[in-house]
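Enquirer: Before I ask anything, here is the structure I am working with.
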Amino acid sequence: MTSTAQMYGYVRASSLGPDGLLDLQTSGGTTVAGPAAHPRFFSGFLGEAEPAAAALLGVANVAQARYWRPNLAALRDPVVTCNGDRLRFESFSGCCGVYARLDVLESGLDGTALDRGTTNVDVNNDLRLALTRVRGGDPLRLEVGPEGLEATTFDGTVVERKVPLPPRWLRGFAEVQAVTSGYDLRAELRAADAARFLRSLPNAPRGVQWLVPAGRTLRLAATAGPGAVCLAGPQRLKELLPLLRFGGALRVYGPNLTRGSGPVASVWQLDLPGMRLVLTLSPEITRGFSGEGAVLSALAGDEVIDDAETVAALLAFDARVEPDRLAEESGLPVARVRAALTQLGTAGRVGYDHADAAYFHRELPYDAERAAKQNPRLRAARDLLDANAVSWDSAIATIVVEDHVQRVRAAADGALSCTCQWYAKYQGGRGPCKHILAADAYRRGERGLAESADDEELAGTR
Amino acid sequence: MSTDSAAGSISVQPGSAEHLTSLLAAGNATAIAAFFHGMSEKERRTFVKPLRAQLKSVSWRVYSEQSSSWDWNDFKAVQRRTSRAQIPASMAVLSTASAVAKYLRTVQRQSTLEIVPDAIRQVLADRNPDWLSELADELSATLSPEGALPVVQAVAAAAGVPPTLTPGLVRAWAVRFRWHDHRDRGKAAFLADPALAALLPLTFDDDDNDDLYTEWANFGKFAHLAVSQGLVPRADMLDGSLRRLLRGGRLSAMQGHLAFWTAMAATDEEIAARISSCISLLSSQNGTVAKVFLASVKKASDAGHVDLELALEAASIAVTRSEKNIVKTALGWLDALATAHPDRVAEIAGYTAVAFGAQGADIQERAVKLIGKRAKALAEADRVRLAAEGEVYLPSDLAATLAGLLGLEQDAAMPEAGYLDVAPYEPRPLLPPIGSPAELAEQVSSLMHTAPSEAMLFERVLEAVVTFSRADAPGLSEALAPVVERAHDRWEWSLENYPDTPSTAVYRLAEAAVRFDAKKRKPHRASVHELWPVVRKQKPSYSRRRDRTSPADFLVLRAAEYTAALGLPDLPAPLAIPTAANGSLDPEVLAERLRAAESEALVPLEADLHQALLRLPVDCGDVDTSGFASEAGKRFAAWVAGERVAFPDATMPDPRMRDGVRIRSDAEADAYLKRMERKHASHPATLLDLLPGVWFEAEQQWDESDWDICWPAILPSHPDLPAIALAGAADWSSVEPSPESALALAEQDDPVHAGTHYVIASRMIHAEAGLRASGVDAALVLAARGLFDGVRVAEALTVRLTAEPAGLRRVVPCLRDLANGGAAGQAWDTVAALLPQALPPVRTKALSGTAELLVLGTELAGALKVRTSIDAVTAAAEKKGGSAVANAARRLVGALGAG
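Here it is in structure tokens:
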């Protein structure tokens, strides 16, 4: 799949004036009413000026960063979602390894939510510079969206910028929610302990470190184990450091690990006055979220896609998506609603808030769904099906790939494993390999194009 | 390219595409202008294709095909000629400014941009397109900065419109001066440049220009010169430099810009005029930037140029930083401000209290002292608030000191440091046998990529290969075939040329299982003596001499033994499969296995039997060894009766010798390595012959599949020997242990042996954070098993510190982690035993890191209510002066005597 491009068009550049007005301009996106060119979401005041500016700057910095191969430029604008009672600013690093989100909560906002929806916001160099100069605890005046402009027209667009959106970036941004939505709280550090801990982290540009709770803090451990948190590239947490002086607790979320587990993603949440800054790190600095493949199995099924459409129709940029309520409204079982939400996550249509342990509705202003469907592993699996390369014999599937075969084994608990090198290397830690995907799809009754064509031909002759 | 063509003298139809092509090839820019003179837009469009075609034809491939000689310089000359003509031609033909810019970018990529300004001017004046005024900006935005400026300037001159000062234009202007030497004419050209004043300050607005201000580029020096000569407004440069520093960025970029700022030597008045930006830089992610600006702001404040509110704000930001020197400066400044403004003491004390959360104990102490100094000036409510903050952030003794200084009774119910108990030890469960050939294939595949996660995995693979080959050899072959086939291509060369390693040995075993019925295969029993030259075979030019062995050779030889024997009709089941996850083998089970083999008339393989014997406990209890008729059974009985091999002396290597090898190459270090080499077997007859030497400076495998996590399980009843190998390496040719191996060792240690303690010490002092963490993990495993002896670790650390005195700084955080992990008592034992070794009289001067060790001791002593004094600490506390060690010693003495 070739890289697409995103055209940002703003009526004027975002700015922070001497009068203390943070005027964030918007470009494209979706509101409750539908697509909008320059949606207007909020007018009022934002928490305490200094931490708010510093946290916004952190989100903007992540959008501009590449923590792996840092010389390549990546200048994609952050995304803002208004869920009615809160604003969420999100960004994703150019290397696809760090996701940042600033949740400005109800207690941090004083003003009017004018609309609900998601859009891009312009964060230019001048604004970043101005944000670094903000100090003091007074509220910051905030406008999200152009004042006095029809939201559905493109009139007056004066700031335009075109940036490439590689498919892996799109997939990663969308999938990060799905990868981490099952994570639990692993550690909670008080402000002073959090500051000490983050400042004492050794610099390991490429390595993976394991952390385990130890008293009031975290300590390094040699290997993964129950309760451990994976930290790959501590330098990717640097956006938290300037915020430590505002004294918030640090919460760390991670998956359940067993002894000897491979690297996994981790979620770091710093509490600020009326706000929360969340950084989600990929399992290794060289790995982006796009390759994690945690949701490939879900993507492979048709039923989930249908359920996702049903569930999506019931969403209205809710700050908390309640699966029980959706199940009631959609008539689907809760388990299927959850699977549907995971599916929506891969398409960038919901995010996950660990503090609330709930999904929230947003629509990324990119075509992330297409990127997700064009996942290379999924495509390769479909190619295997099309080539009629899969056959099952009892609990073993044989997949003929060019000049060799691979075998997929179904364990007693239904888990699938493979003899291929990908599986040998990651042991399922980066999602199923193409052989497992193909074998699983075949087992569920999916067949390739060749066989389908034969069937149709046969039906025609009848 | 013919000479005629180059001179433009070939005969072609005037005004035709061929004519244009010939002019382009000749590089005749002036003729290009004449060619298009008076041409209509429609006519011009017909020349787009010839234009592009000519550019495409100027490639090395075409040139080398057409030319008799491959003259690179001549080819470059052709390219330059073409470029000269292509530039005006593209402006005459293409229909938009954007198209021209993109096309010229292609030309630029292909060679360079050489211009003939008159030709450009003539072409553009003649055509006068609508987009002429935009062209200069399009070019500066699209072209690569190198060499772009002359084109942009020529176009701007032709359009009569000055180009917009875009980042692209600024960079195109600046890069020309990047590499000029001081002595070069470039400096004069730079200083004489008419655009200097306008463009130089703008270089700070684009991060791409960071390379202009690096240490090795002279651009920054030229810029200083320009400012000092008054050619550029100094204020503009200061503002620009600040803008760049505020944006932040990579360390190297910040260093360059900070050096520029420092060299500008901003005055106090200039700092005061930019105070807002300067204060913002105190939050910079770069510590050096913050340090420089703290000094500047403080100096301006001291000179009376900065308002008190701003000074307080600056100091309150600086005190939150992690850099000790910055916090110290900030505390001193806050103290001075408190003296100068007694009415603001309460507020300033609040800022000072932020340092309670600092990492360094000396910083905390200083903050306590400074607040204590102002106690009288503080209101009751402020004192209570500060004491409460101290209780949250400070160690108990410092919190008590603070409360005392503030004239308050400390809260009796104040929480202690709150060390948890160590989590109970849960023995690692025994890995179950591999259930099917398909599962075996996956495990083999994973072993070819990564080291096993535990020793039992290798054992289970061996067991499964033998079991399945005896039960269903074709089925096993079919299952393993995909794995072997896929790996074969990747490994073929290495297998033929390099010695066997655990990883390749497993591959060979799998390969033998796949080709079990191959005609060439002749299954046989091979002794270690026979196998040794086979597994050590290497190509003659292999750069590494193999003078030493490794515990990994146990794994290699056992796999090789089964590789040779696979397919024998009387292939026996393995004897050496452990019965516990730590590698030990129950004597009763081994007796049972031997009896089963006897009953089936199967003779165990030799290396397998020897490995099984090595896994037996020292005390085999009252296992029944009567009635064995086979040689193997009798050997087992004799082993149980005490007829065993002699184990080498488990003396831990001298770290000074190891460091000698690593750091210097002298006779003593060489002698050490030679001594170690002599311990290794050169051609073992049996597996047991490897025992005396493998542990000493074990040789690294070429593919790094040392699998050291398996080593403790080779000799589970003698953990001190694997410990020697897992305690570190002398040089690159020895195995650098993995973090996981320390845990495996700790899981099988016993109260008798001390080797794991030595490994823990060597890990805690290691330069790599991961290995230090493994030392703490291993210590916690021992603590959970009730085997950790702090005094032993302190003894081992003392030996290590002799070789590496600065290592104490790395040890202290490990001991803190040990305490936080639940072994606070054991951590205190270690600290108490280590302190006398770090202080006089054992050392002439306290080791670096002793103050931190004393502070940790104070925290532990307070929490554990230890009241046993330490003479060396008492002596250090009695010394006069206020050094960090003396202060910390006094605190510990205070804590120990608090009862």
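Going line by line, the protein sequences match chains A and Y.
For the first sequence, the working numbering assigns the number 440 to the initial residue and increments by one for each residue that follows.
For the second sequence, the working numbering assigns the number 291 to the initial residue and increments by one for each residue that follows.
Here a beta-carbon is modelled for each residue, glycine too, at the ideal position from N, C-alpha and C.
(1) In the stretch 760-845 of chain A, which residue ranges form an unbroken beta strand (DSSP E) of at least 3 residues, counting only runs that do not cross its ends?
(2) Please go through the same chain and pick out, in chain order, the residues whose beta-carbon is closer than 7 Å to the beta-carbon of Y:Ala-1128, but skip the five residues on each side of it.
(3) Against Y:His-739, what residues of chain A qualify as contacts under a CB-to-CB distance less than 8 Å, listed in chain order?
(4) Go to Y:Met-381, then tell me how far its alpha helix (DSSP H) extends in each direction, as first and last residue.
(5) Which chain Y residues sit within Cβ distance under 7 Å of A:Gly-925?
(6) Tell me which residue opens and which closes the beta strand (DSSP E) that A:Cys-857 is part of.
(7) Pick helix, strand or coil for Y:Trp-1022, following the three-state DSSP scheme.
(8) Along chain A, in chain order, which residues have C-beta atoms closer than 7 Å to that of Y:Ser-1064?
(9) Check the Cβ of A:Thr-656 against every Cβ in chain Y and list those closer than 7 Å, keeping chain order.
(10) For the alpha helix (DSSP H) containing A:Asp-549, list its first residue and its last residue.
(11) When you compare only the Cα positions, how much space is there between A:Glu-895 and A:Arg-886?
(12) In chain Y, which residues lie less than 9 Å from A:Val-844 when you measure between Cβ atoms?
(13) Please confirm if Y:Ile-661 has its CB atom under 9 Å from at least one CB of chain A.
(14) Could you list the residues in the stretch 631-652 of chain Y with a C-beta less than 7 Å from some C-beta on chain A, going in chain order?
(15) If contact means a Cβ-Cβ distance below 9 Å, which residues of the stretch 528-559 of chain Y contact chain A?
(16) Sorted by chain position, which residues of the same chain lie with C-beta nearer than 8 Å to Y:Val-1102's C-beta, five sequence neighbours on each side aside?
(17) At a Cβ cut of 9 Å, what residues of the stretch 453-467 of chain A count as close to chain Y, listed as they run along the chain?
(18) Please classify A:Val-789 as buried or exposed, where buried requires at least 16 other C-beta atoms within 10 Å of its C-beta.
(19) Quick check: is the beta carbon of Y:Arg-468 nearer than 9 Å to any beta carbon in chain A?
(20) Find the residues of chain A that neighbour Y:Ser-567, judging by a C-beta separation of less than 7 Å, and give them in chain order.
(21) Find out if the Cβ-Cβ distance for the pair Y:Phe-512, Y:Phe-550 is shorter than 9 Å.
(22) If you run the structure through DSSP and keep just helix, strand and coil, what is Y:Ala-1059?
(23) Who are the near neighbours of Y:Leu-720 in its chain, counting only those whose CB is closer than 7 Å to its CB and skipping five residues on each side?
(24) Assess, as a yes-or-no matter, whether the stretch 691-710 of chain A is touched by the stretch 656-671 of chain A under the definition of 3 or more beta carbon pairs within less than 8 Å.
(25) If you draw a straight line from the C-alpha of Y:Pro-462 to the C-alpha of Y:Ser-574, how long is it?
(26) Where do the ends of the alpha helix (DSSP H) carrying Y:Gln-828 lie?
(27) When Cβ atoms are compared, which residues of the stretch 675-695 of chain A fall closer than 8 Å to chain Y?
(28) Which residues does DSSP list as the beta-bridge partners of A:Trp-707?
(29) Using the beta-carbon of each residue, which ones in chain A are nearer than 7 Å to Y:Ser-573?
(30) Between the C-alpha atoms of Y:Ala-703 and A:Leu-670, what's the straight-line distance to the nearest angstrom?
(31) Kindly indicate the opening and closing residues of the alpha helix (DSSP H) around A:Asn-564.
(32) Answer with buried or exposed for Y:Trp-783, where buried requires no fewer than 16 other C-beta atoms within 10 angstroms of its C-beta.
(33) From the DSSP output, in three-state form, read off A:Gln-847 for me.
(34) Select from the stretch 574-585 of chain A all residues with a C-beta closer than 9 Å to any C-beta belonging to chain Y, and list them in chain order.
(35) Closer than 7 Å by C-beta to A:His-727: which residues in its own chain qualify, once you throw out the five before and the five after it? Chain order, please.
Expert: Taking the definition as stated:
(1) Those beta strand (DSSP E) runs which fall completely within the stretch 760-845 of chain A and span 3+ residues are 789-792, 797-800, 829-832, 835-840.
(2) On the second sequence, residue 1128 of chain Y is found 838 positions in, with the first residue counted as 1. Same-chain partners within the cutoff: Leu-1098, Ala-1136, Leu-1137, Thr-1140, Leu-1143.
(3) For this step, residue 739 of chain Y is matched to residue 449 along the second sequence. Ordered by position in chain A, the residues that pass the 8 Å Cβ test against Y:His-739 are Gln-860, Ala-863, Lys-864.
(4) Taking the second sequence and counting its residues from 1, the one referred to as residue 381 of chain Y is at position 91. Per DSSP, Y:Met-381 belongs to the alpha helix (DSSP H) from 362-383.
(5) Past the edges of chain A, shown from 440 to 901, lies residue 925 of chain A, and the structure says nothing about it.
(6) As a first step, residue 857 of chain A must be located in the first sequence, where it is residue number 418. Counting along the chain, the beta strand (DSSP E) containing A:Cys-857 begins and ends at 855-857.
(7) Within the second sequence, the letter at position 732 stands for residue 1022 of chain Y. Taken through DSSP and simplified to helix, strand or coil, Y:Trp-1022 comes out as coil.
(8) In the second sequence, the residue the question calls residue 1064 of chain Y occupies position 774. Within chain A, the residues near Y:Ser-1064 are Ala-661.
(9) For the purposes of this step, residue 656 of chain A is taken as residue 217 along the first sequence, with counting starting at 1. Under the 7 Å cutoff, chain Y gives Asn-1110.
(10) In the first sequence, residue 549 of chain A corresponds to position 110, counting from 1. Note, A:Asp-549: premise wrong, no alpha helix (DSSP H); beta strand (DSSP E) at 548-552.
(11) Looking up residue 895 of chain A in the first sequence gives position 456. Looking up residue 886 of chain A in the first sequence gives position 447. Unreliable placement is indicated for A:Glu-895, whose pLDDT of 47 sits below 50; no coordinate value is reported for it.
(12) Against the first sequence, residue 844 of chain A aligns to sequence position 405. By Cβ distance, chain Y contributes Ala-771, Pro-772, Glu-775.
(13) Working through the second sequence from its first residue, we reach residue 661 of chain Y at position 371. Answer no: the Cβ-Cβ gap between Y:Ile-661 and chain A never drops below 9 Å.
(14) Gly-647, Gln-649
(15) Arg-533, Leu-536, Arg-537, Gly-538, Arg-540
(16) Mapped onto the second sequence, residue 1102 of chain Y falls at position 812. Correct list, in chain order: Gly-1139, Glu-1142, Leu-1143, Leu-1146.
(17) none
(18) Within the first sequence, residue 789 of chain A is the residue found at index 350, counting from 1. That one is buried.
(19) Here residue 468 of chain Y is taken as the residue at index 178 of the second sequence, counted from 1. Y:Arg-468 does not count as touching chain A.
(20) Along the second sequence, read from residue 1 onward, the residue named residue 567 of chain Y stands at position 277. The contacting residues are Arg-572.
(21) For the purposes of this step, residue 512 of chain Y is taken as residue 222 along the second sequence, with counting starting at 1. For the purposes of this step, residue 550 of chain Y is taken as residue 260 along the second sequence, with counting starting at 1. No, these two residues do not count as a Cβ contact at 9 Å.
(22) Position 769 of the second sequence, counting from 1, holds the residue named residue 1059 of chain Y. The answer is helix: DSSP assigns Y:Ala-1059 an H, G or I state.
(23) In the second sequence, counting from the first residue as 1, residue 720 of chain Y sits at position 430. Closer than 7 Å at the Cβ level, and outside the excluded window around Y:Leu-720, lie Met-746, Ala-870, Ala-871.
(24) Below 8 Å, enough C-beta pairs join the stretch 656-671 of chain A and the stretch 691-710 of chain A to call them touching: three or more.
(25) Translated into the one-based positions of the second sequence, residue 462 of chain Y becomes position 172. Translated into the one-based positions of the second sequence, residue 574 of chain Y becomes position 284. Here residue 462 of chain Y is Ala; the residue named in the question, Pro, does not match the sequence. When rounded, the distance between both Cα atoms is 30 Å.
(26) Against the second sequence, residue 828 of chain Y aligns to sequence position 538. First-last for Y:Gln-828: undefined, no H or E at that position.
(27) Lys-677, Leu-680, Pro-681, Leu-683, Arg-684
(28) Position 268 of the first sequence, counted from the first residue, corresponds to residue 707 of chain A. DSSP lists A:Val-691, A:Leu-718 as partners of A:Trp-707.
(29) Within the second sequence, numbered from 1, the residue matching residue 573 of chain Y stands at position 283. The contacting residues are Pro-681.
(30) Position 413 of the second sequence holds residue 703 of chain Y. Position 231 of the first sequence holds residue 670 of chain A. With a pLDDT of only 48 at Y:Ala-703, under 50, the local geometry of the prediction cannot be trusted, and no value is derived from it.
(31) Walking along the first sequence from the start, residue 564 of chain A turns up at place 125. Counting along the chain, the alpha helix (DSSP H) containing A:Asn-564 begins and ends at 564-571.
(32) Along the second sequence, read from residue 1 onward, the residue named residue 783 of chain Y stands at position 493. With a threshold of 16 other beta carbon atoms within 10 Å, Y:Trp-783 falls short and is exposed.
(33) As a position in the first sequence, residue 847 of chain A is number 408, starting the count at 1. Correcting the residue identity first, residue 847 of chain A is Val in this sequence and not Gln. In this structure, A:Val-847 counts as strand in the three-state DSSP scheme.
(34) Arg-574, Gly-575
(35) Along the first sequence, read from residue 1 onward, the residue named residue 727 of chain A stands at position 288. Going by the sequence as given, residue 727 of chain A is Gly instead of His. Excluding positions up to five away in sequence, the list reads Cys-534, Cys-535, Gly-536, Arg-607, Gly-611, Ser-721.
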